[in-house]
Amino acid sequence: MDLHNIQTYLRPQSLDTVENWSQGWSWLAGGTWIFTQAQPDLKVLVDLEKLDWSEIEVTQEGLNIGSTCTMAKLRQWHFPENWTSLKALFRAVDELASFKVTNIATVGGNICLAIPASTFAPAMVALDASYEIWHPQAAPRFVPARDFQTGVQQTILQPGEVLRRISIPQESLEWQISYQRVCVATAGIAISIVVAAYNPQTSQVRFGLGACVPTPRIVNFLHIPTPDEIGEILDAQVPLNNFIEDYAASAAYRQHITKVLMQRSLLEF
Ligand SMILES: Cc1cc2nc3c(=O)[nH]c(=O)nc-3n(C[C@H](O)[C@H](O)[C@H](O)COP(=O)(O)OP(=O)(O)OC[C@H]3O[C@@H](n4cnc5c(N)ncnc54)[C@H](O)[C@@H]3O)c2cc1C
C-alpha cells in the first residue's frame, strides 16, 4: 500500500551518514510488513539495502548472517552437511510458505518485527544465537537472541539502533534439530512453535518456544527429558499465565499443545 504520510526516503550507503534520528523514523528492510500497514506515525524511511549487509559468512566462531540477507538467499545457501542445526533456519523459511514474501523479506526484518509467531525467533533462541546491534553514532553492542524481544512487536532496540548481523556459535552448528509448528488452519498463524536442539555429545536439549508466548522462551535440559519432566519444568518456567490467550486458541490449549510438541520433537533424536 502507498504510505501517504512519508515525507523523506533515505537510502544511505554508509551508516554514519544517518544523522538526527528522531520520532517517526524507521528502518526499511524488505518492506513486506511496512508496506502492508497504514503506518500513520512514520515520516522518514531509511532503506537498509544499499548498506549491503546481506552476507552469509563462515568464521572460526561460527556462522554470521547479515541482517538484510533475504530468506530466499539463506534457504539456497549450501552449508556443510555436518551443520545439522541449520535445518532450523531452513524450516523457518519454509514455514512461511510464500515465495513472494521469502524472496524479499529479510532475516533481520523478521526478527525486528518481533511478532510472537516469528518462525525465526524460536530457532535463533534454540541455536543460542546472538545479535550485533549498531547505531550510526555509537559503538556496536551484542545481545543474546533470548533477550532481544521484550513484548509483542517490542525489542530492546533503542531509537536509531539497527540489527546488523546474527551470529550462530560453532558449538551449536552440529546439534540435531526438530522444528514443530502448529496452526489452527493450513497456512494460518501459528499457535505454537517448538524448536528443539539436541547435542549428541552431551545429551543436552535446548527448546526454543514461540507463537504460544508473546516473546520467545528457552527451556534447557542437561539430558533428554521424560514427558513428566517436560511438564514439570514447563509449568515452573513458563506458567499458564505466560501463554497467549486470543481468538485462535486459549492459553491452556497453547500450553497443552506446546508440551505435546516438546515430547514429539524428542522422537526425532
Ligand atoms: C500478512 C503477513 C503475515 C505474516 N505472517 C508471518 C508469520 O506467520 N510468521 C512470521 O515469522 N512472519 C510473518 N510475517 C512476517 C514476514 O515473514 C517478514 O519477516 C516481515 O514481513 C518483515 O520482513 P522485511 O524484511 O520485509 O521487514 P520490513 O517490513 O522492512 O520491516 C519490518 C520491521 O522491522 C524493522 N527492521 C527491519 N530490519 C531491521 C533491522 N535490520 N534493524 C532494525 N529494525 C529493522 C522495520 O523498521 C520494521 O519495523 C508476515 C508478514 C505479513 C505481511
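If you're matching positions, the sequence shown starts at 10 in this note's numbering and goes up one per residue. All C-beta atoms in this analysis are idealised placements derived from N, C-alpha and C, irrespective of residue type, glycine included. Fair warning: this is a prediction, and the values are worked out from it, not measured in the lab.
Item, Value
"Cut-off 7 Å between Cβ atoms - residues of its own chain near Gly279, not counting five sequence neighbours on either side", "No answer is possible for residue 279: it lies beyond the span of the chain, which begins at 10 and ends at 278."
"Closer than 7 Å: Ala199 CB and nearest ligand 1 heavy atom", "yes"
"Ile227, DSSP secondary structure in three states", "strand"
"Whole runs of the beta strand (DSSP E) within the stretch 62-120, excluding any shorter than 3 residues", "65-67 and 71-75"
"Nearest-angstrom Cβ-Cβ length linking Gly117 and Ala38, presumed shorter than 8 Å", "6 Å"
"Inter-stretch contact (C-beta, 8 Å, three-pair minimum) for the stretch 215-235 and the stretch 156-172", "yes"
"C-alpha gap between Ile227 and Pro125, whole angstroms", "14 Å"
"Candidates Tyr256, Val110, Ser181 and Ile113, of which the one nearest Met133 by Cα", "Ser181"
"Inter-residue spacing [alpha-carbon to alpha-carbon] between Ser176 and Ser139", "5 Å"
"Beta-bridge partners of Cys192, as assigned by DSSP", "Ala199"
"Backbone CA spacing between Cys121 and Leu54 [nearest angstrom]", "15 Å"
"Per-residue DSSP class, three states only, for Arg20", "coil"
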